[in-house]
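*Asks:* My questions all concern the structure below.
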Amino acid sequence: MKLPNFRGVLKQKFRNWAFRRTVETGTVQLNQRRIYILPTRQFFGFAFVLILMLLGDINYNLSLGYVLTFLLATTGGLSMLYAFRNMAQLEIHAGYVEPVFAGEQARFLFHFNNPGALPRHQIHLHDDEGHQTAFDLPAQTSTPVELALPATKRGWLDSGRLTLYTRFPLGLFNAWSYIHFDVRALVYPKPAAPQALPIAAAPDGSGKTTIRGDEDFAGLRNYVPGDAMPRIAWKALAREQGLQVKEFSAQQGQQLWLDWSQLPDIAQERKLELLTRWVLDADAQGLHYGLKLPDGEVMPQQGTAHRAECLRRLALFGMPAS
Amino acid sequence: MKLSAQLTYGLIACILLVSAPHADHLPLWVSTECGALLLWRAYLARSGKALPPRWLLLGITVLSVMAIAITFRSLFGREVGVTLLILLSTLKLLELKAVRDATIVVYLSCFIIITNFFYSQSIPTALFMLATLLVILATWVHLQTGGLAFKPRLRIGGMLLLQAIPLSLILFVLFPRVQGPLWGLPQDAYASSGLSDTMSPGSMSKLSLNDAVAFRVNFDSDAPSRDRMYWRGPVLWDFDGTTWTRGRNATTRTGLLEDAGMSLAYTVTLEPHNKRWLFALDMPDKLSIPHRLMPDFQLLSDKPVNARIRYHADSFLSYRANPDEPPQQLQRALALPRGLNPQAQQLAEDWRTQHPRDDAAIVREVLRHFNQGGFEYTLEPPLLGMNGIDEFLFQSKQGFCEHYAGSFVYLLRAAGVPARVVTGYQGGEYNALGDYYILRQADAHAWAEVWLGERGWIRYDPTAAIAPARIESGLSAAVSNPAALPFMARNPPPWLRNLRFNFDALANQWNQWVLGYNTETQFAFLTRLGMEDISWQKMALNMLAGIFILVGVFTLLLLRRLVVRQTDPVQAVWLKLCRKLAKAGLPRMAHEGPQDYAARIAAAYPEIAADMHDLAARYVALRYSSATAQDGLPAFKQAVRSFKL
Chain S
3 MKLPNFRGVL
13 KQKFRNWAFR
23 RTVETGTVQL
33 NQRRIYILPT
43 RQFFGFAFVL
53 ILMLLGDINY
63 NLSLGYVLTF
73 LLATTGGLSM
83 LYAFRNMAQL
93 EIHAGYVEPV
103 FAGEQARFLF
113 HFNNPGALPR
123 HQIHLHDDEG
133 HQTAFDLPAQ
143 TSTPVELALP
153 ATKRGWLDSG
163 RLTLYTRFPL
173 GLFNAWSYIH
183 FDVRALVYPK
193 PAAPQALPIA
203 AAPDGSGKTT
213 IRGDEDFAGL
223 RNYVPGDAMP
233 RIAWKALARE
243 QGLQVKEFSA
253 QQGQQLWLDW
263 SQLPDIAQER
273 KLELLTRWVL
283 DADAQGLHYG
293 LKLPDGEVMP
303 QQGTAHRAEC
313 LRRLALFGMP
323 AS
Chain A
2 MKLSAQLTYG
12 LIACILLVSA
22 PHADHLPLWV
32 STECGALLLW
42 RAYLARSGKA
52 LPPRWLLLGI
62 TVLSVMAIAI
72 TFRSLFGREV
82 GVTLLILLST
92 LKLLELKAVR
102 DATIVVYLSC
112 FIIITNFFYS
122 QSIPTALFML
132 ATLLVILATW
142 VHLQTGGLAF
152 KPRLRIGGML
162 LLQAIPLSLI
172 LFVLFPRVQG
182 PLWGLPQDAY
192 ASSGLSDTMS
202 PGSMSKLSLN
212 DAVAFRVNFD
222 SDAPSRDRMY
232 WRGPVLWDFD
242 GTTWTRGRNA
252 TTRTGLLEDA
262 GMSLAYTVTL
272 EPHNKRWLFA
282 LDMPDKLSIP
292 HRLMPDFQLL
302 SDKPVNARIR
312 YHADSFLSYR
322 ANPDEPPQQL
332 QRALALPRGL
342 NPQAQQLAED
352 WRTQHPRDDA
362 AIVREVLRHF
372 NQGGFEYTLE
382 PPLLGMNGID
392 EFLFQSKQGF
402 CEHYAGSFVY
412 LLRAAGVPAR
422 VVTGYQGGEY
432 NALGDYYILR
442 QADAHAWAEV
452 WLGERGWIRY
462 DPTAAIAPAR
472 IESGLSAAVS
482 NPAALPFMAR
492 NPPPWLRNLR
502 FNFDALANQW
512 NQWVLGYNTE
522 TQFAFLTRLG
532 MEDISWQKMA
542 LNMLAGIFIL
552 VGVFTLLLLR
562 RLVVRQTDPV
572 QAVWLKLCRK
582 LAKAGLPRMA
592 HEGPQDYAAR
602 IAAAYPEIAA
612 DMHDLAARYV
622 ALRYSSATAQ
632 DGLPAFKQAV
642 RSFKL
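Respectively, the protein sequence lines represent chains S and A. Residues 3 to 324 in the working numbering are what the first sequence spells out, letter by letter. Residues 2 to 646 in the working numbering are what the second sequence spells out, letter by letter.
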């Protein structure tokens with residue numbers, strides 16, 4: 003075992019023991035029970051300078067030097083209060099996290115509200131791995147703060163416990179608080195490299211080599227939530243006919259099954275990645291497609307909601323339900 | 002993180018402000034080099050060009066340090082330390098890479114401020130310090146806030162500073178003062194100006210150009226007339242032909258005053274001059290601080306006066322001083338270097354033959370000689386050679402007080418009359434505002450004392466024989482070309498004089514209460530405040546208590562505006578109703594508007610349905626319809642109050 007790692011584990015253990023680690027829901031308000039303050043390394047440098055100055059004052063009997071030393075010392079002390087004030091009474095709640103593909107950045111969203119009349123400066127949000135973001139918060143405003151965390155594996159990505167800290171105004175004190183919301187990002191498998199859709203699986207067996215679901219324009223119908231964006235008839239919208247969607251006759255009766263059991267003998271994760279790729283391609287081509295997995299199937303459908311459902315099944319395949 | 006140009010300008014301003022007061026006592030080339038480096042740095046920040054490479058900086062640093070070592074012939078001592086500190090901080094600006102470097106520059110500039118107090122601790126210096134601190138704090142805040150504009154940063158810095166002032170006042174008053182120094186100080190630790198214990202031609206006239214305050218005096222009762230205000234300093238006995246020195250007293254017996262008249266009490270606030278002597282009116286009797294009274298009535302402090310001190314003193318204006326002076330001391334008062342000044346010797350011997358037994362008559366002869374011999378009182382006497390007394394008495398006939406006092410004593414000694422030179426200050430400028438006298442270095446003076454047997458040592462001021470105005474109204478009245486004098490020694494218009502007196506009165510208070518605040522004053526002040534049995538533990542406790550109280554007050558004040566209360570009165574009444582209902586187990590859901598909420602409750606409890614609908618309708622009308630004025634509010638309030646479940 004490497005020593006730094008060992009230290010990291012110890013540090014983690016201490017933190018878990020010393021600080022609250024419950025996962026929270028709803029809106030969290032930072033109060034004095036959750037804000038911790040400790041001097042920073044700069045503080046000790048500053049204290050050293052002050053002690054030198056005080057020795058000089060005593061030795062050379064510099065009255066004005068005493069004034070300066072005390073002014074600086076009390077300013078430093080007050081900065082602790084300022085640091086606390088910069089964090090206190092902030093209200094935070096977690097926002098919705100868009101699903102991402104493995105290998106991308108999951109953008110965790112937190113809504114910060116400053117109910118007070120004081121602007122807040124330079125608040126940093128970071129996770130234990132050191133991914134961080136910083137923001138200011140003017141008086142009586144709310145602002146969404148995005149923390150991008152790398153999504154490496156499919157499945158649920160927990161934001162983990164995040165640290166919120168500020169060193170405002172002088173960097174002498176570090177005021178921090180931990181927040182751990184029950185917010186997680188859905189991470190889809192990473193799509194495999196582009197590969198032709200499994201056309202042979204078409205149930206009509208006609209042997210056609212291409213299926214172009216968007217060849218024959220059949221007419222317009224009213225938009226329902228979940229319809230793919232490329233299918234919206236923007237021109238109709240421009241003519242003020244409302245939000246309408248183009249329908250194509252070629253789709254009728256042509257169904258594509260993306261079947262786990264038909265896949266070549268490759269690793270499970272590769273299979274999932276391949277299926278993810280196909281789901282994306284089939285959706286892009288506007289096909290009716292279904293998904294067959296060892297633990298169930300999704301009936302052929304089309305549209306954004308359907309795509310999301312397929313991807314979700316792929317993302318959570320083989321994961322313990324939680 | 003790359004440091005922004007804005008931040009760099011701030012840091013340059015910090016270093017510039019803290020080193021500017023040093024500009025006039027740093028070597029010229031250092032000031033020039035620092036100025037050039039700052040300009041260069043500002044140019045680099047403006048143009049966005051890369052900082053100079055490491056080897057170049059190292060080269061400049063090494064060369065500069067070597068040049069300082071050559072200029073000062075040392076790398077130790079206060080002056081060198083300050084110079085090095087300023088130079089290296091300026092160079093540090095040229096290798097700003099990270100926030101860490103910027104923090105170091107900020108700390109360094111705080112430290113450099115304090116070095117300025119070696120030279121000046123006046124009120125303007127204090128005000129300048131506050132301004133400098135403000136800029137430093139604003140820059141410091143910049144380090145932590147990045148993009149914040151200049152004005153809000155300045156405001157944060159200003160608020161911090163303002164809030165720190167009362168707290169540091171408590172610290173200043175109650176922080177247990179330790180009497181320094183903690184370790185041996187280098188010789189250049191204190192400014193030293195003013196009288197020295199030697200006198201040679203030019204030493205007094207040089208001082209007459211110095212406007213600095215030597216000491217201030219408060220008389221307990223009426224002040225004596227100006228021509229009796231002789232502030233006694235070093236007494237000079239030994240003469241080597243050009244220079245008068247104190248020599249060694251041949252007796253250890255303290256001087257004795259006989260037939261002393263009424264004593265005069267007063268308080269002296271003496272500026273530090275880094276020498277041991279204290280000043281008191283001729284002749285001093287008692288002093289409130291530890292001191293030694295020498296056989297020649299010179300007052301010496303136990304250690305060099307390197308801080309401003311205050312003492313009470315009593316003096317006699319009429320006396321017979323040491324009429325029984327021991328012969329070995331009188332011998333010293335007659336000694337002269339051999340073979341010099343033959344003409345003066347001859348003149349003195351002539352007078353002696355005229356008045357074989359009458360010493361007082363010889364004194365009168367000398368004074369008459371000065372008065373009628375065509376002598377001139379001037380700040381710029383010609384230089385004198387080996388036989389300085391002869392040249393002065395018979396050729397140039399132009400001199401300042403040291404010439405007259407010196408040759409007066411010389412002539413008397415040559416005639417066999419014991420005499421000695423006394424230096425000190427003469428006169429004083431009255432400040433009616435503070436009711437005290439100011440004595441400046443320009444008031445430095447030299448006179449003589451002659452021992453006349455039974456009558457003891459008697460003061461004679463030969464300057465008064467040539468320029469009586471010098472004694473009666475000051476230097477400017479006595480010299481022919483006042484433009485050469487320092488500003489305040491001339492005769493400025495009355496309003497200017499008054500303004501100056503105002504400032505000096507203020508400065509006097511400042512000196513006594515702020516700069517002079519040491520172990521003893523602290524003790525006295527706290528006793529006056531009613532603290533008993535003062536010990537440092539008690540002071541520390543009081544200090545901590547005071548700080549805690551103030552910090553508590555500050556905490557309350559600072560955390561006040563963190564949550565702004567809802568101030569809409571209509572909403573407040575509605576929320577009150579909601580609370581009532583919630584207490585009864587019918588809380589409003591987060592998604593429910595007033596009408597939905599009322600409808601739900603009305604459905605569940607038909608007996609209050611009408612009330613509920615009515616209240617919700619009123620609330621909606623009051624809050625959302627602009628047509629309705631606030632007239633309905635009292636009724637709505639009343640309705641909510643009387644609403645019962």
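We put the CB at the ideal spot given by N, CA and C, even for glycine.
Give the residues of chain A in contact with VAL51 of chain S, contact being defined as C-beta atoms less than 7 Å apart.
*Replies:* Taking the first residue of the first sequence as position 1, residue 51 of chain S is located at position 49. Here the neighbours are TYR108, CYS111, PHE112.
*Asks:* Along the region 553–582 of chain A, where does the CB come closer than 7 Å to a CB of chain S? Name the residues.
*Replies:* PHE555, THR556, LEU559, LEU560, ARG562, LEU563, VAL564, VAL565
*Asks:* CB-CB under 6 Å to TYR438 of chain A, same chain, minus the five flanking residues each way: which ones, in chain order?
*Replies:* Here residue 438 of chain A refers to the residue found at position 437 when the second sequence is read from its first residue. Result list for TYR438 of chain A: VAL218, GLY429, TYR431, in chain order.
*Asks:* Which complete beta strand (DSSP E) runs does the region 24–94 of chain S hold, if anything under 3 residues is left out?
*Replies:* As far as the region 24–94 of chain S is concerned, its whole beta strand (DSSP E) runs of at least 3 residues are 29–31, 38–41.
*Asks:* Quick one: any contact between the region 115–132 of chain A and the region 31–50 of chain A, if contact means 3 or more CB pairs under 8 Å?
*Replies:* no
*Asks:* Apart from the five residues just before and just after TYR231 of chain A, which ones in its own chain have a Cβ nearer than 6 Å to its Cβ?
*Replies:* What you label residue 231 of chain A is simply residue 230 of the second sequence in a count that begins at 1. Taken in chain order, the residues that qualify are ASP283, GLN427.
*Asks:* Output the distance between the C-alpha atoms of ASP198 of chain A and PHE220 of chain A, rounded to the nearest integer angstrom.
*Replies:* Your numbering for residue 198 of chain A matches position 197 in the second sequence. Your numbering for residue 220 of chain A matches position 219 in the second sequence. Roughly 27 Å between the two C-alpha positions.
*Asks:* Does VAL518 of chain A have its Cβ less than 7 Å from a Cβ in chain S?
*Replies:* Taking the second sequence and counting its residues from 1, the one referred to as residue 518 of chain A is at position 517. For the record, residue 518 of chain A in the displayed sequence is Tyr; it is not Val. It does; some Cβ of chain S falls within 7 Å.
*Asks:* Between SER20 of chain A and chain S, is any beta-carbon pair separated by less than 7 Å?
*Replies:* Looking up residue 20 of chain A in the second sequence gives position 19. No, SER20 of chain A lies away from the interface with chain S (no Cβ there is under 7 Å from its Cβ).
*Asks:* Counting contacts by CB-CB distance shorter than 7 Å, is ALA127 of chain A in contact with chain S?
*Replies:* For the purposes of this step, residue 127 of chain A is identified with residue 126 of the second sequence, where counting begins at 1. Chain S, which has a Cβ nearer than 7 Å to the Cβ of ALA127 of chain A, makes this yes.
*Asks:* Let me know if ASP206 of chain S comes out buried or exposed under the rule of 16 or more other beta-carbons within 10 Å of its beta-carbon.
*Replies:* Position 204 of the first sequence, counted from the start, is the residue given in the question as residue 206 of chain S. In this prediction, ASP206 of chain S scores a pLDDT of 46, lower than 50, which makes its location untrustworthy; no coordinate-derived value is stated.
*Asks:* So, at 7 Å on beta carbons, what are the nonlocal neighbours of PHE176 of chain A in its own chain, with the 5 sequence-adjacent residues on each side left out?
*Replies:* Mapped onto the second sequence, residue 176 of chain A falls at position 175. So the list reads MET544, once near-sequence residues are dropped.
*Asks:* Please report the distance separating the alpha-carbon of LEU313 of chain S from that of ASP267 of chain S.
*Replies:* The sequence position of residue 313 of chain S within the first sequence is 311, counting from 1. The sequence position of residue 267 of chain S within the first sequence is 265, counting from 1. Cα to Cα, LEU313 of chain S sits roughly 21 Å from ASP267 of chain S.
*Asks:* Take PHE524 of chain A and list the residues in its own chain whose beta-carbon comes closer than 8 Å to its own, dropping the five residues that flank it on each side.
*Replies:* Taking the first residue of the second sequence as 1, we reach residue 524 of chain A at position 523. Same-chain partners within the cutoff: ILE535.
*Asks:* So if DSSP puts ASN116 of chain S in a beta bridge, which residue, or which two residues, is it bridged to?
*Replies:* Looking up residue 116 of chain S in the first sequence gives position 114. Note: ASN116 of chain S sits in a beta bridge opposite S:THR143.
*Asks:* Is any beta-carbon of chain A found at less than 7 Å from that of ILE60 of chain S?
*Replies:* The count along the first sequence starts at 1 and reaches residue 60 of chain S at position 58. Answer yes: the Cβ-Cβ gap between ILE60 of chain S and chain A drops below 7 Å somewhere.
*Asks:* Would ASP189 of chain A count as contacting chain S if we go by Cβ distances under 7 Å?
*Replies:* Residue 189 of chain A sits at position 188 when you count from the first residue of the second sequence. Low confidence applies to ASP189 of chain A: its pLDDT is 49, below 50, so where it sits in the model is not reliable, and the reading given next is rough at best. Chain S contact via Cβ: absent.
*Asks:* Going along chain S, which residues have a C-beta under 7 Å from GLY147 of chain A?
*Replies:* Counting from one through the second sequence, the residue named residue 147 of chain A turns up at place 146. GLN124, listed in chain order.
*Asks:* By the 8 Å beta-carbon criterion, what residues does the region 129–145 of chain A contribute toward chain S?
*Replies:* MET130, LEU134, LEU138, TRP141, VAL142, LEU144, GLN145
*Asks:* Between A:THR244, A:ILE550, A:VAL418, which has its C-alpha nearest MET387 of chain A's C-alpha?
*Replies:* Within the second sequence, residue 387 of chain A is the residue found at index 386, counting from 1. The shortest C-alpha separation from MET387 of chain A is found at A:THR244.
*Asks:* Can you grab the Cα-Cα spacing for the pair GLY159 of chain A / ARG122 of chain S, in whole Å?
*Replies:* In the second sequence, counting from the first residue as 1, residue 159 of chain A sits at position 158. In the first sequence, counting from the first residue as 1, residue 122 of chain S sits at position 120. Whole-angstrom Cα-Cα distance: 17 Å.
*Asks:* Look at the Cβ atom of SER179 of chain S, then the Cβ atom of ILE37 of chain S, and state whether they are nearer than 7 Å.
*Replies:* For this step, residue 179 of chain S is matched to residue 177 along the first sequence. For this step, residue 37 of chain S is matched to residue 35 along the first sequence. Yes, they are a contact pair.
*Asks:* If we ignore side chains and look at the alpha-carbon of each, how far apart do GLY288 of chain S and SER263 of chain S end up?
*Replies:* Position 286 of the first sequence holds residue 288 of chain S. Position 261 of the first sequence holds residue 263 of chain S. One C-alpha to the other measures close to 24 Å.
*Asks:* For THR42 of chain S, which option in A:ASP303, A:THR104, A:GLN7 has the closest C-alpha, if you only look at C-alpha atoms?
*Replies:* Stepping through the first sequence from its first residue, residue 42 of chain S is reached at position 40. Of the listed residues, the one whose Cα sits closest to THR42 of chain S is A:THR104.
*Asks:* Taking Cβ positions, are ASP129 of chain S and LEU92 of chain S nearer each other than 7 Å?
*Replies:* As a first step, residue 129 of chain S must be located in the first sequence, where it is residue number 127. As a first step, residue 92 of chain S must be located in the first sequence, where it is residue number 90. Their beta carbons are not under 7 Å apart, which means ASP129 of chain S does not touch LEU92 of chain S by this criterion.
*Asks:* If I'm right that ARG648 of chain A touches ALA334 of chain A with Cβ under 8 Å, what's the distance once you round it to whole angstroms?
*Replies:* Residue numbering for chain A in the displayed model covers 2 to 646; residue 648 of chain A lies beyond these limits and cannot be assessed.
*Asks:* Please state whether DSSP places GLN287 of chain S in a helix, a strand or coil.
*Replies:* Here residue 287 of chain S is taken as the residue at index 285 of the first sequence, counted from 1. Shown here, GLN287 of chain S sits in coil according to DSSP, grouped into three states, outside any helix or strand.
*Asks:* Inspect the beta-carbon positions of GLY457 of chain A and PRO285 of chain A and report whether they are closer than 7 Å.
*Replies:* Within the second sequence, numbered from 1, the residue matching residue 457 of chain A stands at position 456. Within the second sequence, numbered from 1, the residue matching residue 285 of chain A stands at position 284. Their beta carbons are not under 7 Å apart, which means GLY457 of chain A does not touch PRO285 of chain A by this criterion.
*Asks:* Does SER144 of chain S come within less than 7 Å of chain A when only Cβ atoms are used?
*Replies:* In the first sequence, the residue the question calls residue 144 of chain S occupies position 142. It does not: the Cβ of SER144 of chain S has no partner Cβ on chain A nearer than 7 Å.
*Asks:* Could you name the residues of the same chain whose beta carbon sits closer than 8 Å to that of SER289 of chain A, not counting the 5 residues immediately before and after it, in chain order?
*Replies:* Against the second sequence, residue 289 of chain A aligns to sequence position 288. Same-chain partners within the cutoff: TYR312, HIS313, ALA314.
*Asks:* Determine, using beta carbons only, whether ASN63 of chain S comes closer than 7 Å to chain A.
*Replies:* Along the first sequence, read from residue 1 onward, the residue named residue 63 of chain S stands at position 61. Interface residue, yes.
*Asks:* PHE118 of chain A touches chain S at which residues, Cβ-Cβ below 7 Å?
*Replies:* Taking the first residue of the second sequence as position 1, residue 118 of chain A is located at position 117. Here the neighbours are LEU64, LEU66, GLY67.
*Asks:* Smallest Cα separation from LEU40 of chain A: which of A:THR91, A:THR84, A:ARG74, A:ILE69?
*Replies:* In the second sequence, counting from the first residue as 1, residue 40 of chain A sits at position 39. The shortest C-alpha separation from LEU40 of chain A is found at A:THR91.
*Asks:* Short of 8 Å in beta carbon distance, which residues of its chain neighbour LYS192 of chain S, apart from the five on each side in sequence? Order them along the chain.
*Replies:* Translated into the one-based positions of the first sequence, residue 192 of chain S becomes position 190. Counting only Cβ-Cβ distances below 8 Å, and skipping sequence neighbours, we find PHE103, ALA104, GLY105, ARG156, GLU275, THR278.
*Asks:* Can you have a look at GLY320 of chain S and say buried or exposed, based on whether 16 or more other CB atoms are within 10 angstroms of its CB?
*Replies:* In the first sequence, counting from the first residue as 1, residue 320 of chain S sits at position 318. Classification of GLY320 of chain S: exposed, given that the 10 Å Cβ count is below 16.
*Asks:* Per DSSP, what are the beta-bridge partners of TYR180 of chain S in this structure?
*Replies:* Within the first sequence, the letter at position 178 stands for residue 180 of chain S. The partner list for TYR180 of chain S (beta bridge, DSSP) reads S:THR165.
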